[in-house]
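Residue numbers (the numbering used here): 12 to 138.
Think of the CB as a built atom: it goes at the ideal place given N, C-alpha and C, for glycine as much as any other residue.
Single-structure report; data block below.
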């Protein structure tokens, strides 16, 4: 039986993006003390490989500010842990070692305007 081909993405693309993409205060992500999430890297890879991307189960950057948002555990398998929004706010303001989840989601919304990216459950309203 023939082995399927292995698809790989050069690490240089990821490292380049990691060092060049600016955080909201115009520092690189590294300088800001944060690091990009696996969701960020997955979306970069998907944009490079896919014509259309459908994302399910990702809240947008304003979800945690809406009245009556649904409180769910950050990790579904850690019942009793911080809820998703509390975790996002903690990371967003961490001086070092955190993800900037809310900021990343605002970047994803910008990318969705120029790439075929659609968000479901909950749907995102892109302005």
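Mind checking who residue 129 pairs with in its DSSP beta bridge?
65
What are the start and end residues of each continuous alpha helix (DSSP H) run of 4 or more residues lying completely inside the region 82-107, in chain order?
95-103
Indicate the three-state DSSP secondary structure (helix, strand or coil) for residue 48 in the structure shown.
coil
Between the region 54-63 and the region 77-88, are three or more C-beta pairs nearer than 8 Å?
no
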